[in-house]
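The next block holds one structure in the form of structure tokens; read it before the comments.
Number of protein chains: 2
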Amino acid sequence: KISFEVIKRLPRYYRYLGELKSNNITRISSKELSRRMNVTASQIRQDLNCFGGFGQQGYGYNVEDLHEAIGDILGLNNGHKTIIVGAGNLGRALANYKSFEKRGFKLVGIFDINNIKIGQNIAGLDVLDFNEAEKYIPDLAPDIAIITVPKEAAGSVAKKVISLGIKGLLNFSYTDIDVPDGVEIENVHLSDSLMTLSYKLEQQKKL
Amino acid sequence: KISFEVIKRLPRYYRYLGELKSNNITRISSKELSRRMNVTASQIRQDLNCFGGFGQQGYGYNVEDLHEAIGDILGLNNGHKTIIVGAGNLGRALANYKSFEKRGFKLVGIFDINNIKIGQNIAGLDVLDFNEAEKYIPDLAPDIAIITVPKEAAGSVAKKVISLGIKGLLNFSYTDIDVPDGVEIENVHLSDSLMTLSYKLEQQKKL
Ligand SMILES: NC(=O)c1ccc[n+]([C@@H]2O[C@H](COP(=O)([O-])OP(=O)(O)OC[C@H]3O[C@@H](n4cnc5c(N)ncnc54)[C@H](O)[C@@H]3O)[C@@H](O)[C@H]2O)c1
Ligand SMILES: NC(=O)c1ccc[n+]([C@@H]2O[C@H](COP(=O)([O-])OP(=O)(O)OC[C@H]3O[C@@H](n4cnc5c(N)ncnc54)[C@H](O)[C@@H]3O)[C@@H](O)[C@H]2O)c1
Numbered sequence: 001k002i003s004f005e006v007i008k009r010l011p012r013y014y015r016y017l018g019e020l021k022s023n024n025i026t027r028i029s030s031k032e033l034s035r036r037m038n039v040t041a042s043q044i045r046q047d048l049n050c051f052g053g054f055g056q057q058g059y060g061y062n063v064e065d066l067h068e069a070i071g072d073i074l075g076l077n078n079g080h081k082t083i084i085v086g087a088g089n090l091g092r093a094l095a096n097y098k099s100f101e102k103r104g105f106k107l108v109g110i111f112d113i114n115n116i117k118i119g120q121n122i123a124g125l126d127v128l129d130f131n132e133a134e135k136y137i138p139d140l141a142p143d144i145a146i147i148t149v150p151k152e153a154a155g156s157v158a159k160k161v162i163s164l165g166i167k168g169l170l171n172f173s174y175t176d177i178d179v180p181d182g183v184e185i186e187n188v189h190l191s192d193s194l195m196t197l198s199y200k201l202e203q204q205k206k207l
Numbered sequence: 208k209i210s211f212e213v214i215k216r217l218p219r220y221y222r223y224l225g226e227l228k229s230n231n232i233t234r235i236s237s238k239e240l241s242r243r244m245n246v247t248a249s250q251i252r253q254d255l256n257c258f259g260g261f262g263q264q265g266y267g268y269n270v271e272d273l274h275e276a277i278g279d280i281l282g283l284n285n286g287h288k289t290i291i292v293g294a295g296n297l298g299r300a301l302a303n304y305k306s307f308e309k310r311g312f313k314l315v316g317i318f319d320i321n322n323i324k325i326g327q328n329i330a331g332l333d334v335l336d337f338n339e340a341e342k343y344i345p346d347l348a349p350d351i352a353i354i355t356v357p358k359e360a361a362g363s364v365a366k367k368v369i370s371l372g373i374k375g376l377l378n379f380s381y382t383d384i385d386v387p388d389g390v391e392i393e394n395v396h397l398s399d400s401l402m403t404l405s406y407k408l409e410q411q412k413k414l
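Line order of the protein sequences matches chains P and E. Each step along the first sequence adds one to the number in my numbering, with nothing skipped, and position 71 is 71. If you count the second sequence from 1, you need to add 207 to reach my numbering.
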């Protein structure tokens with residue numbers, strides 16, 4: 001119902017509106033929002049009209065209402081339970097990131113297969129044995145699994161959590177994972193961003 | 208010269224070709240590449256033609272040559288020197304990630320302003336005081352700064368490293384940073400991926 005291009009912009013709108021809100025700004029015109037976000041004012045009005053309007057001639061948009069409405073569309077206000085599989089460097093960093101919980105993503109479990117890590121306390125949770133996933137995951141009932149294992153293990157880890165009912169995967173490993181219909185996956189390829197930056201720097205040098 | 212849409216696909220081609228290479232696969236047809244990458248075979252041929260062809264009728268593409276050619280275009284083979292500013296959870300995880308160096312990004316410095324962290328050894332480097340950035344950065348001569356500080360500090364950190372000649376920024380903080388012409392920035396908003404996943408799960412529930 002809302003186009004893919006608009007969806008891609010929603011998290012960014014949410015971030016800006018959150019910033020305005022924490023700076024106690026109560027309203028904003030599409031013109032100001034446009035300048036701040038580097039998106040045309042007409043594109044903004046079009047995007048926001050997709051879900052109910054919200055703008056008032058002469059007034060602009062109410063920051064708090066709009067922030068909440070976008071949060072609703074993004075499904076943030078229903079609360080999500082996440083687990084992290086792979087308690088390594090990246091897994092720990094993500095586990096300790098307090099802001100995910102502020103945005104409605106509560107960490108309920110951390111898993112690994114390394115005996116030294118199993119039982120360690122990270123962010124208030126004891127690391128569980130992923131080889132016993134069937135024992136824990138049904139009770140924890142997470143809807144999102146954050147995958148931070150080496151790429152060789154990513155496929156089998158995905159398969160296992162999907163078999164236990166998890167429908168959302170956030171994949172950080174350096175490989176793409178195939179998922180069946182009904183399961184959603186977001187791949188975060190940090191190295192892609194670094195390579196894109198490298199390409200842009202290369203082009204700059206040629207100018 | 209190469210369109211933005213093609214550029215966006217390059218890191219992914221590079222990743223797949225790297226996987227084929229490490230599995231000792233020496234050649235691949237556009238049809239097989241298309242199936243693996245979920246991009247049409249004609250799109251692939253079009254993309255790869257942008258930089259010199261490489262495909263041979265009846266043979267397909269030579270994996271190693273193509274991998275190297277894309278690496279060249281992405282500027283990976285010139286080597287880059289990176290610094291990390293913000294030796295917190297995420298900064299440390301990135302510092303310990305060995306694969307960046309394998310792809311030509313050598314970490315030459317880590318900075319922080321917290322006295323407890325300054326002087327600590329992370330990934331073989333002693334954390335330096337970012338308040339003395341002028342003292343260190345010119346000699347280290349990095350071309351990329353990875354920014355992993357809290358969002359309130361991101362803008363001033365970016366300003367400082369740019370003033371010291373750094374032309375490429377990889378920003379992980381939960382805010383967008385404005386940069387002057389001639390400076391390139393890639394924003395990695397991990398929360399955007401989580402929010403997009405949340406949206407997709409929300410849509411699935413409605414089906
Ligand atoms: N660290 C980074 O900055 C970074 C950057 C880009 C990509 N990545 C990717 O993220 C992933 C994790 O990176 P890292 O640096 O944290 O690695 P790491 O080696 O520190 O951590 C990986 C963890 O996964 C565990 N593990 C391995 N197989 C498992 C399995 N089958 N089930 C459960 N746990 C398992 C290991 O015991 C280890 O604790 C890798 O795929 C890496 O390519 C990391
Ligand atoms: N940890 C994650 O998984 C995660 C996820 C998404 C986004 N982020 C973003 O990445 C950034 C870092 O997150 P984190 O979890 O590592 O935070 P952290 O608090 O563990 O680390 C931040 C570090 O930056 C240092 N610092 C603060 N101001 C500085 C300055 N002016 N100059 C140099 N160093 C300074 C602090 O001393 C600290 O060591 C934040 O902006 C956060 O929003 C992190």
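Using N, Cα and C, we set each Cβ at its ideal position, and we do this for glycine too.
> In terms of alpha-carbon separation, which member of E:Tyr221, E:Ala340, E:Asp254, E:Phe312 lies closest to E:His274?
Replying inline: Among E:Tyr221, E:Ala340, E:Asp254, E:Phe312, the Cα nearest to that of E:His274 is on E:Tyr221.
>> With the cut-off set at 9 Å, would you say E:Asp230 and P:Ala93 are in Cβ contact?
In response: A small fix is needed here, since residue 230 of chain E is Asn in this sequence, not Asp. Going by C-beta atoms, E:Asn230 is not nearer than 9 Å to P:Ala93.
> Under 9 Å between the Cβ atoms of E:Leu283 and E:Val315?
Replying inline: no
>> 9 Å is my cut-off, CB to CB: does E:Asp254 come that close to chain P?
In response: no
> How about P:Asn114: is its C-beta nearer than 9 Å to some C-beta of chain E?
Replying inline: no
> For the region 42 to 97 of chain P, which segments carrying the beta strand (DSSP E) assignment without a break, of at least 3 residues, lie completely within its bounds, in sequence order?
Replying inline: 60 to 62, 80 to 85
> P:Val183: which of P:Asp47, P:Ala145, P:Leu125, P:Glu5 sits nearest, CA to CA?
Replying inline: Nearest to P:Val183 by C-alpha distance, out of P:Asp47, P:Ala145, P:Leu125, P:Glu5, is P:Ala145.
>> Measuring straight from C-alpha to C-alpha, what distance separates P:Asn62 and P:Ser198?
In response: 40 Å
> Residues in the region 313 to 341 of chain E with C-beta within 7 Å of chain P's C-beta atoms, listed in sequence order?
Replying inline: none
> P:Ile118 bridges to which residues according to DSSP?
Replying inline: None; P:Ile118 has no bridge partner.
> Using CA coordinates, which residue listed in P:Ile116, P:Ile110, P:Tyr16 is at the minimum distance from P:Gly124?
Replying inline: P:Ile110
>> For E:Ile209 and E:Phe258, which I take to be in contact (beta-carbon distance under 8 Å), what is that distance rounded to the nearest angstrom?
In response: 7 Å
> Span of the alpha helix (DSSP H) holding P:Ala153?
Replying inline: 151 to 163
>> Since P:Asp129 and P:Ile166 should fall inside the 8 Å C-beta cutoff, what is the C-beta to C-beta distance between them, to a whole number of angstroms?
In response: Between P:Ile166 and P:Asp129 the Cβ distance is about 17 Å, and since that is not below 8 Å, they are no contact.
>> My output table needs one value for P:Lys167: the three-state DSSP class, helix, strand or coil.
In response: For P:Lys167, the three-state secondary structure derived from DSSP is coil.
>> Along the chain, where does the alpha helix (DSSP H) containing P:Ala133 start, and where does it finish?
In response: 133 to 140
>> Taking 8 Å as the cut-off, is the beta-carbon of E:Gly279 closer than that to any non-hydrogen atom of ligand 2?
In response: One detail in the question is off: residue 279 of chain E reads as Asp in this sequence, not Gly. No.
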